[in-house]
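Chemist: Take this structure, written in structure tokens, and hold onto it; I'll ask about it next.
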Amino acid sequence: MSYETDLLRIESIIEELERDDLELDRALALFQEGVERLRTATAALSDVEGQVRMLVENAAGGFSLAELGG
Amino acid sequence: MTSRRRTAASRAKRAPSAAEPDLFADPAAGAAPYDRRHDERAADASPALDTPLIPGESPASAVPVTTLTRIAKDVLEGAFMPLWIRGEVSDFKKHRNGHWYFCLRDEASQVRCVVWSRDQRRIPAAPDDGMQLSVLGQLTVYTARGDMQLVVTAMEAAGDGLWRKALEETRARLQRDGLLAPERKRRLPLLPRRVAVVTSPSGAALHDIISVIRRRAPSVEIIVVAAKVQGDGAPEELVDAIERVDRWREADTVIIGRGGGAREDLWAFNDERVARAVAACGTPTISAVGHEVDVTLCDLVADVRAATPSAAAEAAVPVLADLRASLAGLGDMLVSAMQRRTSSERMRVANEGRMLQRVAAHMVERRRTQLEAIGAQLHALSPLAVLGRGYAVARALDGATLQRAAQFRAGLAFDLILRDGTVRATVDDVTPDAPDVRAPRDPSA
Numbered sequence: 001m002s003y004e005t006d007l008l009r010i011e012s013i014i015e016e017l018e019r020d021d022l023e024l025d026r027a028l029a030l031f032q033e034g035v036e037r038l039r040t041a042t043a044a045l046s047d048v049e050g051q052v053r054m055l056v057e058n059a060a061g062g063f064s065l066a067e068l069g070g
Numbered sequence: 001m002t003s004r005r006r007t008a009a010s011r012a013k014r015a016p017s018a019a020e021p022d023l024f025a026d027p028a029a030g031a032a033p034y035d036r037r038h039d040e041r042a043a044d045a046s047p048a049l050d051t052p053l054i055p056g057e058s059p060a061s062a063v064p065v066t067t068l069t070r071i072a073k074d075v076l077e078g079a080f081m082p083l084w085i086r087g088e089v090s091d092f093k094k095h096r097n098g099h100w101y102f103c104l105r106d107e108a109s110q111v112r113c114v115v116w117s118r119d120q121r122r123i124p125a126a127p128d129d130g131m132q133l134s135v136l137g138q139l140t141v142y143t144a145r146g147d148m149q150l151v152v153t154a155m156e157a158a159g160d161g162l163w164r165k166a167l168e169e170t171r172a173r174l175q176r177d178g179l180l181a182p183e184r185k186r187r188l189p190l191l192p193r194r195v196a197v198v199t200s201p202s203g204a205a206l207h208d209i210i211s212v213i214r215r216r217a218p219s220v221e222i223i224v225v226a227a228k229v230q231g232d233g234a235p236e237e238l239v240d241a242i243e244r245v246d247r248w249r250e251a252d253t254v255i256i257g258r259g260g261g262a263r264e265d266l267w268a269f270n271d272e273r274v275a276r277a278v279a280a281c282g283t284p285t286i287s288a289v290g291h292e293v294d295v296t297l298c299d300l301v302a303d304v305r306a307a308t309p310s311a312a313a314e315a316a317v318p319v320l321a322d323l324r325a326s327l328a329g330l331g332d333m334l335v336s337a338m339q340r341r342t343s344s345e346r347m348r349v350a351n352e353g354r355m356l357q358r359v360a361a362h363m364v365e366r367r368r369t370q371l372e373a374i375g376a377q378l379h380a381l382s383p384l385a386v387l388g389r390g391y392a393v394a395r396a397l398d399g400a401t402l403q404r405a406a407q408f409r410a411g412l413a414f415d416l417i418l419r420d421g422t423v424r425a426t427v428d429d430v431t432p433d434a435p436d437v438r439a440p441r442d443p444s445a
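What follows is the structure, given as structure tokens:
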């Protein structure tokens, strides 16, 4: 979800940056935020392989993730 | 009623009882209980005994009705295997006790049928009068009435009538509750961190889903929520698994599904409880049951219906490489928007600078001209200008101008300011003028 939020925010920042009446200070702050969000979003696209696990609920209503087939 | 049937059946297999010794002597040979040879053998074996009365042979040996119906029941049940029988349904009744009663008939005959409530679970829906059915039933006798009846444990209607009917009934209920409304459909997250998969851990569907997600978005975590997907107890396990994911709240998307199979195998996904659990799930859902052609109620209530488990995985996660490319594009757009912004800003600053310079230069020039004019004016008015014409000004050492003879006395040092310099001088003598010579200035004096 946060990836999507970042994406939408970057898009709206670009839109705002393209407006003529934007103050330079504000433009700089927006740009900085855009770069930061771009970094977060890129990090979300990591190549690290996620795990496949099994959801297990215990008697107390708590949850744990078990190895598949284990 | 069931227990009484069982009791009667077990009694039939027991050793002869005191009350009705001969009738239950040999249930396997029950088709011919009045076999005379039996009596002859008995007579041969014990010639000393009186010939016993043959049950039902005379008014004296009349058999009770219950005995008759029990024998008839045993005979019928022994003679008939469970058979598939076809006919048209009439007089269908759902009794308060939960059992179904109806007649199955054709042009010439009819047979009474019953479906015990415990056998109804495997039947998708109750049949309607007029439906053409094939039923699997055991022929027996309902001893309390002496009626022959067929105890039905399975049924199929022509043209999948029962399945269609069950589906339509459930669908109508879901529709009435607004669960099929398109506006209920939620958008799936673009990039989920965790995808939960409610399915059988040993099924092909899970394998397909895992391999598609791995290929497209390897970093996405896959959480298997095990449930039986077909057979007895499957709906309950599916509901339980869906509710478990919902309570967990850590999944971003839930896939519910299984691979292809016979219609009966997919039926759990048409179960109303399963459909309602999917509809109630707080996490966005993708339903993927069977193949393209199979549409289940679960598909209808889910946020997204995927034709196959693989398609569900494709709907659940994006291709990371594509996302990376579009993100890079977005980054470029951000930078160029900022560059445009700063370059236009720089241009503006430069423009304004030039303008300011122009204005300032103009202003300085005007001031200079003004200043020169004032300077000339001032110069013209300056007493010192007189010096240029050959006059001198006497000034005391403290700077005061000395204008009158009375201001001088012998020995006083003073300065004489000339056109081109200052002369230090000392007074030798002072001679004031006579008053009358001095003035038209002061005529009264």
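As you go down the protein sequences, you meet chains A and B in turn. Our numbering puts the first residue of the first sequence at 1, with every later residue one more than the last. Our numbering puts the first residue of the second sequence at 1, with every later residue one more than the last. Don't be surprised by glycine CBs; every beta carbon is placed ideally from N, CA and C. The model shown is predicted, which means the values in this text are computed figures rather than measured ones.
What residue range is occupied by the uninterrupted alpha helix (DSSP H) comprising Asp299 (chain B)?
Modeler: Segment Leu297 to Val301, the alpha helix (DSSP H) holding Asp299 (chain B).
Chemist: At a Cβ threshold of 8 Å, is Glu221 (chain B) touching chain A?
Modeler: yes
Chemist: Can you tell me which of the three DSSP states Val225 (chain B) falls into?
Modeler: strand
Chemist: Output needed for Pro447 (chain B): all residues of its chain with C-beta closer than 7 Å, excluding positions within five of it in sequence on either side, in chain order.
Modeler: Residue 447 (chain B) lies beyond the residue range present for chain B, which begins at 1 and ends at 445; the question has no answer from this structure.
Chemist: Which residue's Cα is closest to the Cα of Gly331 (chain B): A:Phe31, A:Asp25 and A:Arg26?
Modeler: A:Phe31
Chemist: Is the Cβ-Cβ distance between Ala227 (chain B) and Ser202 (chain B) less than 8 Å?
Modeler: no
Chemist: Taking Cβ to Cβ, would you say Arg409 (chain B) is nearer than 8 Å to Val430 (chain B)?
Modeler: yes
Chemist: Examine the Cβ distances between the region 169–188 of chain B and the region 104–123 of chain B and report whether three or more of them are shorter than 8 Å.
Modeler: no
Chemist: When you compare the CB positions of Pro189 (chain B) and Pro284 (chain B), do they come within less than 8 Å of one another, or not?
Modeler: yes
Chemist: Please tell me whether Thr42 (chain A) and Leu327 (chain B) are closer than 8 Å, where the distance is taken between their beta carbons.
Modeler: yes
Chemist: At which residues does the beta strand (DSSP E) containing Tyr142 (chain B) begin and terminate?
Modeler: Gln132 to Tyr142
Chemist: Apply the 10 Å Cβ neighbour rule to Phe470 (chain B) and answer buried if 16 or more other Cβ atoms are within range, or exposed otherwise.
Modeler: A query on residue 470 (chain B) cannot be resolved here, the shown segment of chain B reaching from 1 to 445 and no further.
Chemist: Would you mind reading off the limits of the beta strand (DSSP E) that contains Met155 (chain B)?
Modeler: Asp147 to Ala157
Chemist: Can you pull the chain C neighbours of Asp47 (chain A), defined as C-beta to C-beta under 7 Å?
Modeler: This model lacks chain C altogether, as its protein chains are A and B.
Chemist: With a cut-off of 8 Å on the beta carbons, I'd call Leu136 (chain B) and Ala157 (chain B) a contact; round off their distance for me.
Modeler: So it is not a contact: roughly 13 Å between Cβ atoms.
Chemist: If you run the structure through DSSP and keep just helix, strand and coil, what is Lys93 (chain B)?
Modeler: Residue state for Lys93 (chain B) is assigned as strand, using DSSP reduced to three classes.
Chemist: What residues from the region 13–26 of chain A come within 8 Å of chain B, judged by C-beta to C-beta, listed N to C?
Modeler: Ile13, Ile14, Leu17, Glu18, Asp20, Leu22 and Leu24
Chemist: Using three-state DSSP, classify Trp163 (chain B) as helix, strand or coil.
Modeler: helix
Chemist: Can you name the residues that DSSP bridges to Asp429 (chain B)?
Modeler: For Asp429 (chain B), which the question treats as bridged, DSSP gives no partner whatsoever.
Chemist: Have a look at Val317 (chain B) and Leu45 (chain A) and give me their C-alpha separation to the nearest angstrom.
Modeler: 12 Å
Chemist: Could you give the residue range of the alpha helix (DSSP H) that holds Val278 (chain B)?
Modeler: Glu272 to Ala280
Chemist: Taking one C-beta from the region 350–361 of chain B and one from the region 249–256 of chain B each time, how about it: are there three or more such pairs within less than 8 Å?
Modeler: no
Chemist: For Thr401 (chain B), is the classification buried or exposed, using 16 other Cβ atoms within 10 angstroms of its Cβ as the cut-off for buried?
Modeler: exposed
Chemist: Per DSSP, what kind of secondary structure is Arg187 (chain B) in: helix, strand or coil?
Modeler: Annotated three-state conformation of Arg187 (chain B) is coil, per DSSP.
Chemist: Whose C-beta lies closer than 6 Å to the C-beta of Lys241 (chain B) among residues of the same chain, with five residues either side of it excluded?
Modeler: Sequence inspection shows Ala at residue 241 (chain B); the Lys mentioned does not correspond to that position. Only Val198, Val225 and Ala227 meet the Cβ criterion.
Chemist: Does Leu55 (chain A) come out as helix, strand or coil in the three-state DSSP assignment?
Modeler: Looking at Leu55 (chain A) - three-state DSSP - the assignment turns out to be strand.
Chemist: For the 8 Å Cβ check, are there 3 or more pairs between the region 366–378 of chain B and the region 45–60 of chain A?
Modeler: no
Chemist: Assess contact between the region 331–340 of chain B and the region 8–16 of chain A, defined as three or more Cβ pairs (one per stretch) separated by less than 8 Å. Is contact present?
Modeler: yes
Chemist: Look up Asp415 (chain B) in the DSSP assignment and say whether it is helix, strand or coil.
Modeler: In the structure shown, Asp415 (chain B) sits in a strand (DSSP, three-state: E or B).
Chemist: Using the three-state DSSP reduction, which class does Phe80 (chain B) fall into: helix, strand or coil?
Modeler: coil
Chemist: For Glu57 (chain B), count neighbouring Cβ atoms within 10 angstroms of its own Cβ and tell me buried if that reaches 16, exposed if not.
Modeler: Flag for Glu57 (chain B) reads exposed.
Chemist: Quick check on Gln407 (chain B): does DSSP put it in helix, strand or coil?
Modeler: helix
Chemist: Thinking Ile223 (chain B) and Ala196 (chain B) are a contact (beta carbons under 8 Å), I'd like their distance in whole angstroms, please.
Modeler: 5 Å
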